[in-house]
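Participant: Take a look at this one; I'll ask things after.
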Amino acid sequence: MIHYVLGILAVNSILILWFYSPLPSSIGKYILKNENILTLNDLLDWICLRNQFLADLLSCWICMGFWLSLLVGTIMTFIFSLGWYFPIICFWAFPPVLYLIKQQYR
0 MIHYVLGILA VNSILILWFY SPLPSSIGKY ILKNENILTL NDLLDWICLR
50 NQFLADLLSC WICMGFWLSL LVGTIMTFIF SLGWYFPIIC FWAFPPVLYL
100 IKQQYR
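Here it is in structure tokens:
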């Protein structure tokens, strides 16, 4: 049970950092060496010019929630020696919970 709560908190923290902080634009400005990237939308516009699919995934709370849940679940499986089913459960169970949390504080 503690692993599920830890996973939800980790994914939720990453989503909050991505959508509600200046971190993505700062990283984009530093890595891409582009001074015109001031907001997340500027970064997504730059990505959209190169790859529309990736820009769509990075701009959607639910899409990022699914893929981050799978990634975090896989990492936690290796760290805590959990069963092979843990990432699959994370992939399907975390995003609805994360979306409900987002709607609660909207």
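Using numbering that gives the first Met the number 0, the letters of the sequence shown correspond one by one to residues 0 to 105. C-beta: ideal position from N, C-alpha, C; glycine also.
(1) When the distance is taken between beta carbons, is P86 closer than 8 Å to L97?
(2) With 8 Å as the threshold, decide whether the Cβ of L97 is near any Cβ in chain D.
(3) Consult DSSP for N40 and reduce its assignment to one of helix, strand or coil.
(4) Per the contact definition of three or more C-beta pairs closer than 8 Å, is the region 10-21 in contact with the region 88-103?
(5) Work out the CA separation of G72 and L43 for me, nearest whole Å.
(6) Since G121 and M63 are thought to touch, with beta carbons under 8 Å apart, how far apart are those beta carbons, to the nearest angstrom?
(7) State the Cα-Cα distance for the pair Y19 and L67, rounded to the nearest angstrom.
(8) Tell me the residue span of the alpha helix (DSSP H) that contains S64.
(9) Going by DSSP in three states, G6 sits in which element: helix, strand or coil?
(10) Taking Cβ positions, are N35 and D41 nearer each other than 8 Å?
(11) Going by alpha carbons, who is nearest to I61 out of T38, W45, V4 and Q102?
Facilitator: Let me lay it out:
(1) Residue 97 sits at position 98 when you count from the first residue of the sequence shown. Residue 86 sits at position 87 when you count from the first residue of the sequence shown. No Cβ-Cβ contact shorter than 8 Å links L97 with P86.
(2) The chain inventory of the structure shown lacks chain D, comprising one protein chain alone.
(3) In the sequence shown, residue 40 corresponds to position 41, counting from 1. In the structure shown, N40 adopts helical secondary structure according to DSSP, grouped into three states.
(4) By the Cβ criterion, the region 88-103 is in contact with the region 10-21, since at least three pairs of Cβ atoms, one from each stretch, lie closer than 8 Å.
(5) Counting from one through the sequence shown, the residue named residue 43 turns up at place 44. Counting from one through the sequence shown, the residue named residue 72 turns up at place 73. Spanning the alpha carbons of L43 and G72 requires a straight line of approximately 26 Å.
(6) Since the displayed the chain opens at 0 and closes at 105, residue 121 lies outside it and no answer follows.
(7) Within the sequence shown, the letter at position 20 stands for residue 19. Within the sequence shown, the letter at position 68 stands for residue 67. Each residue's alpha carbon lies about 16 Å from the other.
(8) Indexing the sequence shown from 1 puts residue 64 at position 65. First, the residue type needs correcting, since residue 64 is Gly and not Ser in the sequence shown. Membership of G64 in the alpha helix (DSSP H) is indicated by the continuous run W60 to F79.
(9) For the purposes of this step, residue 6 is taken as residue 7 along the sequence shown, with counting starting at 1. Three-state result, G6: helix.
(10) The sequence position of residue 35 within the sequence shown is 36, counting from 1. The sequence position of residue 41 within the sequence shown is 42, counting from 1. Less than 8 Å separates the beta-carbon of N35 from that of D41.
(11) In the sequence shown, counting from the first residue as 1, residue 61 sits at position 62. I61 has its Cα closest to that of Q102, out of T38, W45, V4 and Q102.
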